[in-house]
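Basically the working numbering = 1-based index in the sequence shown + 422. Yeah, the Cβ is synthetic: ideal placement off N, Cα and C, and Gly gets one too. Beneath this line is the structure, given in structure tokens, with notes to follow.
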Amino acid sequence: MKILAIDDQQLILLSVEKRLSELGYEVKTADNGAKGIKLYDSYKPDLVLVDMNMPDMSGMEVVKHIRFFKDSKTPILVMSGNTDESIILDGFTLGIDDYMKKPVSLDEMTARIKRIVGSPKLSVDTLPMANTRMLQKNCVGVVIPCYNEEDRLSSDQFRNFAYQNLGYHLCFVNDGSTDNTMKVLEELRKGNESNISIYNCEKNGGKAEAVRQGIQYLMQDEQLDYIGYLDADLSTDFRDFDDLVKTMETSKFKIVSGSRISRMGADITKESARKIISKTINIIIQKILGMPFKDTQCGAKVMNREIASSMFQKKFITKWLFDVEIFMRMRKHYGKKEATNMICEQPLKRWIHADGSKLSMKDSIKIVGQLAKIAVVYN
């Protein structure tokens with residue numbers, strides 16, 4: 423039983439191919455509509471699984487080609503993040519057999535395929551997967567800067583997230599660590615090579631440069647719709663980060679930044695001394711920015727490719743306050759009013775201060791001087 427899967431995002435395509443092959447289907451893939459149509463002619467599949475939003479040739483054009491130019495009744499299953507009802511209805515009018523809205527689990531996908539064309543005769547695994555694996559609406563690259571994180575890196579949490587959330591690519595940047603961080607990262611990546619990568623910096627350049635290089639590395643992957651970064655200690659957890667991504671998907675914001683400001687129902691914990699220092703620094707930052715953001719320094723942000731490309735080209739002038747510099751660069755590039763409208767500050771449901779912070783009390787004092795430098799350079 424042959425299936426042709428057409429999708430421009432390899433992170434999605436590889437996962438679909440692997441799961442269907444495990445179930446006993448014969449699968450061929452194409453990463454764009456033109457290749458898919460050409461392969462359709464020679465492969466003669468029993469079912470076509472196609473994404474709707476693809477560059478050059480959309481999934482709808484693929485459907486039209488099969489139904490009208492080929493006059494074929496081959497079952498077509500659309501799997502797309504496009505939830506526009508008119509697009510979905512147009513698809514059924516053209517003759518598609520089913521439409522799945524991303525995010526969707528691999529189990530649901532296979533159940534719908536079985537309903538349309540049945541199970542392969544030599545199926546070796548027809549049971550649902552033990553852990554639900556979700557095909558995401560968009561592909562997201564996440565930079566995780568690491569400096570001497572051997573003892574704090576929660577490998578299982580990263581590994582499980584990468585396994586269960588298909589469409590995410592985790593890029594760990596080893597920032598010249600002097601402990602066994604690199605070895606831990608290599609072990610973490612085993613079995614998840616398609617959606618976990620390691621970018622190694624031979625010398626320690628600081629968090630700002632590690633994140634910048636990681637983002638530039640991910641920008642080479644054109645399938646990524648959004649790019650963000652997250653602290654290695656997971657003080658912000660993946661549930662909150664995924665919420666930031668969902669806000670990007672459903673709004674016109676160009677950057678969504680997590681905020682640790684306490685609110686009803688949130689689990690926010692900090693050391694009292696650090697809380698006082700953080701509050702003082704935030705007040706200074708707000709004065710410098712002149713923009714209504716209360717927590718620029720949260721290590722969880724996601725942005726579109728435009729911001730990732732333009733705001734991370736040049737090196738930052740500070741090692742720790744690059745978040746402030748991003749906002750200042752946006753203000754300078756777009757103007758204060760437009761930049762303010764582009765940025766969403768989204769409260770986190772949970773944020774935990776993790777032991778082993780690289781910033782000492784002495785470093786906190788240095789931050790004030792760095793803020794003064796930022797104010798001079800960007801104004």
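Please report how far the alpha carbon of residue 646 lies from the alpha carbon of residue 725, in whole angstroms. 11 angstroms
Can you list, in chain order, the stretches of the beta strand (DSSP E) that have 3 or more residues and sit fully within the region 525 to 593? 556 to 568
What are the start and end residues of the alpha helix (DSSP H) that includes residue 763? 758 to 764
DSSP puts residue 497 in a beta bridge; with which residues? BP columns for residue 497 are empty, so no partner.
Go to residue 608, then tell me how far its alpha helix (DSSP H) extends in each direction, as first and last residue. 603 to 611
When DSSP builds the beta bridges, which residues end up paired with residue 680? 768
Just to confirm, are residue 767 and residue 681 a CB contact at a threshold of 7 angstroms? yes
For the region 561 to 570 against the region 511 to 526, are there 3 or more C-beta pairs whose distance is under 8 angstroms? no
8 angstroms CB neighbourhood of residue 478 in its chain, flanking five on each side removed: 454, 455 and 456
Would you tell me roughly how many angstroms separate the C-alpha atoms of residue 425 and residue 582, rounded to the nearest one? 28 angstroms
Give me, in chain order, the residues of the same chain whose beta-carbon lies closer than 6 angstroms to that of residue 528; leave out the 5 immediate sequence neighbours on both sides. 441 and 555
Would you kindly check if the distance between the Cβ of residue 632 and the Cβ of residue 665 is under 7 angstroms? no
Quick check: residue 516 and residue 534, are their CB atoms within less than 7 angstroms of each other? no
Given a threshold of 16 other Cβ atoms within 10 Å of its Cβ, counted over all protein chains shown, does residue 634 qualify as buried or as exposed? buried
Could you pull out every residue in the same chain whose Cβ sits closer than 6 angstroms to the Cβ of residue 526, ignoring the five residues on either side in sequence? 557
Between 648, 577, 640 and 642, which lies nearest to residue 613 when the distance is taken from Cα to Cα? 577
First through last residue of the beta strand (DSSP E) which encompasses residue 648: 648 to 652
Using the rule of at least 16 other Cβ atoms within 10 Å of the residue's Cβ for burial, across every protein chain shown, is residue 714 buried or exposed? exposed
State the start and end residues of the unbroken beta strand (DSSP E) segment that holds residue 520. 520 to 523
With 16 as the cutoff for other CB atoms within 10 Å, does residue 559 come out buried or exposed? buried
Count the other CB atoms, across all protein chains shown, that sit within 10 Å of the CB of residue 644; report buried if there are 16 or more and exposed otherwise. exposed
What residue does the alpha helix (DSSP H) around residue 442 start on, and which one ends it? 432 to 444
With DSSP collapsed to three states, give me the class of residue 597. strand
Short CB-CB distance (under 7 angstroms) between residue 506 and chain C: Although the question refers to chain C, the structure presented lacks it and comprises just one protein chain.
Residue 374 versus residue 574: straight-line alpha-carbon distance, rounded: The chain is shown only over 423 to 801; residue 374 falls outside these bounds and no answer can be derived.
Test item: CB-CB of residue 503 and residue 536 under 7 angstroms: no
What does the Cβ neighbour count give for residue 473, buried or exposed, with the cut at 16 atoms within 10 Å? buried
Considering only residues of the region 718 to 764, which uninterrupted alpha helix (DSSP H) runs meet the minimum length of 4 residues and lie entirely inside it, listed in chain order? 727 to 733, 744 to 756 and 758 to 764
Cβ-based neighbour list, residue 607, same chain, cut-off 8 angstroms, excluding 5 preceding and 5 following: 568, 575, 594, 596 and 620
Cutting at 6 angstroms between CB atoms, please list the residues of its own chain near residue 744, excluding the five before and the five after it. 630 and 738
Given a cut-off of 7 angstroms on the beta-carbon distance, is the pair residue 564 and residue 468 in contact? no
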